[in-house]
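Written below as structure tokens is the structure these notes are about.
Printed below as a string of structure tokens:
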């Protein structure tokens, strides 16, 4: 144990002073400096990641909404809904001995216009139309001679009893024009005996509710082509010999395509801008430039815009407007700044004028400034002597979330159905002190760009 | 450099001022390298460990507690960085427990006067696993439990590796003591003879 301690002591004491083995080497520092520089670059990307992610999320939501939003409908437009049910569901045995074997199809016609005008004049052409009789809720219309019954059942689903009490001795054909659910058109059968003569017998005239206008069924949809017999008839034989008119199908295929006039619009814009920057005023203004991409989503006259704009923002100001904690040995007279800023605006515009070609809108909103690079150069009235900093540089240090108030006027000239030319004068007013120098930096400029009107 | 000057440099490093960072690096280069050389197999690896350690220190310098000595904080970082550097190799070597380790009896006492270069050469000759435990225990003063926790091994394995590290060191020192002259010179001469002999053998073939 003692030997071990001696050994430990020998190495512990002997290895404390590395001597020339640990002499400083500049190459080692350069290697470390390279590591630090690379980290700084990665750090810059990491800092921007939340903002890049936010913009991506906005784009994602926008495209998701654009592609998956439900189709808009306009109730002010005429719409025809055709509801077909088998008349057999509605026809049941009559109270008496008769069973009405109703024609194949009954049609619910949900039609109408705002004026309430609608007509349906189905013609039934056959030599043996069945007779009809009126029931309680069934309008059975009978033609002269051979009768064909068309039952307009107001409540087909409630009792399934659109039974036309038909005379015992006669076969019948019944067309049940079922009234669908509430609000749908009441179809009443009208007999136009004088006009129709013996063979063309029945007019079914739906009574549309308001907002419903359409043809109940096409005049030529009734085709009687198949005789039927009526059970329980006392004169079954004779009845069987008669041709039972049968409604093959009523297929009012008239469909008005719903035309949805969308009030939403989306656009992707690329813009470039020239601007002037000043602190407090534009007396010492300097010219800068912007380049960016924005995306807009609008509803009716309102448009929400966001994006990312890279801005070169130089300015000059008196040192009195420049506020930092560092105590200068001798204060500079002026400060010249050259900043690179990522501007993330969120603006709301209202269209005050617009026709097919030209649109004017005014807008306001807030911008977040991410100060990517800030270079400051100090100018002294005279050489101060001793140490006085010439300037200061920093990167990714200052961020001003919603720290700038935006005003803009946007003129859009439509080039074609997809693209527009944009001209946008704007003014940016600081709500907070901007940058390392905590200055009231304001910007005015004109942006010119192109918009791709996605929708 | 006074403590106040060091604090000023540290403040500059907190602001990520590159000049301050370089100043700190230059100031503590020797201190850091002294640690890294002990844990490393050679100077090249030591420089890599040193820069990795300084990189960690400079990028996490805000976590430094100013109430404690900066050197101790930096030294701990260097040690941990060295352990991380060899961790893969260490895991492979740390398999033998003290109970199963063969005991090599050493009767002769080690009473050599070795300079820094000799001692460093001896330590650097040790396998990574033995060298690390020897550094941690014999020089940096950690307990076997602490070493076990740091390296992810049990205390018994740490003891075993320390034991074997000592045996190897003693063996190497005895070999040097068997020669005349300064130990360092003997080692160098011995290496040269070996090299020359080896070359002669090669040339004869």
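Residue numbers (our numbering), protein chains in the order written: chain H, 15 to 469; chain C, 6 to 210. We treat Cβ as the ideally placed atom computed from N, Cα and C, and that holds for glycine. Being a predicted model, the structure only gives us computed values, none of them experimental.
From the options, pick the residue whose C-alpha is nearest to that of residue i; which is it?
i	options	result
residue 462 of chain H	H/454, H/430, H/290, H/424	H/424
residue 333 of chain H	H/302, H/285, H/354, H/391	H/391
residue 278 of chain H	H/52, H/43, H/315	H/315
residue 460 of chain H	H/451, H/420, H/467, H/446	H/420
residue 69 of chain C	C/19, C/141, C/124	C/19
residue 61 of chain C	C/71, C/42, C/26	C/26
residue 455 of chain H	H/444, H/464, H/465	H/444
residue 168 of chain C	C/141, C/152, C/135, C/159	C/135
residue 44 of chain H	C/23, C/172, C/43	C/23
residue 25 of chain H	C/49, C/124, C/51, C/28	C/124
residue 46 of chain C	C/73, C/36, C/175, C/127	C/127
residue 295 of chain H	H/51, H/377, H/416, H/330	H/330
residue 54 of chain C	C/84, C/74, C/72, C/9	C/84
residue 339 of chain H	H/382, H/323, H/416, H/406	H/406
residue 293 of chain H	H/351, H/310, H/372	H/351
residue 33 of chain C	C/129, C/90, C/7	C/7
residue 468 of chain H	H/428, H/442, H/345, H/458	H/428
residue 383 of chain H	H/22, H/298, H/322	H/322
residue 344 of chain H	H/403, H/42, H/366, H/436	H/403
residue 305 of chain H	H/297, H/327, H/318	H/327
residue 356 of chain H	H/349, H/318, H/335, H/409	H/409
residue 451 of chain H	H/54, H/19, H/348	H/348
Where residue i and residue j are concerned, what is the direct C-alpha to C-alpha distance, given to the nearest angstrom?
i	j	result
residue 320 of chain H	residue 433 of chain H	18 Å
residue 162 of chain C	residue 154 of chain C	11 Å
residue 302 of chain H	residue 380 of chain H	20 Å
residue 31 of chain H	residue 13 of chain C	26 Å
residue 121 of chain C	residue 17 of chain C	34 Å
residue 285 of chain H	residue 66 of chain C	42 Å
residue 79 of chain C	residue 40 of chain C	10 Å
residue 76 of chain C	residue 63 of chain C	13 Å
residue 29 of chain C	residue 15 of chain C	7 Å
residue 374 of chain H	residue 282 of chain H	17 Å
residue 69 of chain H	residue 465 of chain H	18 Å
residue 313 of chain H	residue 358 of chain H	22 Å
residue 91 of chain H	residue 353 of chain H	Since pLDDT at residue 91 of chain H reaches only 47, below the 50 mark, its modelled position is unreliable, and the value read off the structure follows with that caveat. Distance between the alpha carbons of residue 91 of chain H and residue 353 of chain H is about 56 Å.
residue 300 of chain H	residue 439 of chain H	17 Å
residue 27 of chain H	residue 119 of chain C	10 Å
residue 290 of chain H	residue 309 of chain H	24 Å
In the DSSP output, which residue or residues are listed as bridge partners for residue i?
i	result
residue 459 of chain H	H/289, H/440
residue 356 of chain H	H/324, H/384
residue 163 of chain C	Beta-bridge pairing links residue 163 of chain C to no other residue.
residue 316 of chain H	H/313, H/364
residue 466 of chain H	H/282, H/433
residue 350 of chain H	H/330, H/391
residue 306 of chain H	H/285, H/323
residue 377 of chain H	H/363, H/422
residue 5 of chain H	The question about residue 5 of chain H has no answer here: the residues shown for chain H are numbered 15 through 469.
residue 372 of chain H	H/427
residue 448 of chain H	H/453
residue 301 of chain H	H/290
Looking at residue i and the ligand COA, is the gap between the Cβ and the nearest heavy atom below 7 Å?
i	result
residue 72 of chain C	Among the ligands in the structure shown, none appear at all, so the ligand COA cannot be discussed.
Since residue i is in the beta strand (DSSP E), which residue starts that stretch and which ends it?
i	result
residue 407 of chain H	405-409
residue 414 of chain H	413-428
How far does the alpha helix (DSSP H) with residue i in it reach, from first residue to last?
i	result
residue 297 of chain H	Here residue 297 of chain H belongs to no alpha helix (DSSP H), and DSSP marks it neither H nor E.
residue 129 of chain C	121-130
residue 16 of chain C	8-19
residue 138 of chain C	133-139
residue 44 of chain C	23-44
residue 61 of chain C	48-64
residue 149 of chain C	149-156
query = Listed in chain order, which residues of the stretch 47-78 of chain C have Cβ atoms closer than 9 Å to some Cβ of chain H?
reply = Taking 9 Å as the Cβ-Cβ cut-off against chain H, the residues of the stretch 47-78 of chain C that qualify are 48, 51, 52, 53, 55, 56, 57, 59, 60, 63, 64.
task = Closer than 7 Å, Cβ to Cβ, to anything on chain H: give me those residues from the stretch 148-181 of chain C, in chain order.
result = Identification of residues in the stretch 148-181 of chain C having a C-beta nearer than 7 Å to some C-beta of chain H yields 171, 174, 175, given in sequence order.
task = Determine which residues of the stretch 19-48 of chain H have a Cβ less than 8 Å from any Cβ of chain C, and write them out in chain order.
result = Answer in chain order: 20, 21, 22, 24, 25, 26, 28, 29, 30, 31, 32, 33, 35, 36, 37, 38, 39, 42, 43, 45, 46, 47.
task = Taking a Cβ distance cut-off of 9 Å, strictly less, list which residues of the stretch 366-392 of chain H are near chain C, in chain order.
result = Of all residues in the stretch 366-392 of chain H, none has a Cβ within less than 9 Å of some Cβ in chain C.
Interfacial residues, the stretch 122-139 of chain C to chain H, with Cβ spacing under 9 Å = Look at the stretch 122-139 of chain C: the residues with a C-beta under 9 Å from a C-beta of chain H are 122, 123, 124, 125, 127, 128, 139.
query = Just by C-beta distance, which residues in the stretch 397-431 of chain H are closer than 7 Å to chain C?
reply = Only those residues of the stretch 397-431 of chain H whose C-beta falls short of 7 Å from the nearest C-beta of chain C would be listed, and there are none.
request  = Please list the residues of the stretch 306-337 of chain H that have a C-beta atom closer than 8 Å to any C-beta atom in chain C, keeping them in chain order.
outcome  = Going along the stretch 306-337 of chain H in chain order, one finds no residue with a Cβ nearer than 8 Å to chain C.
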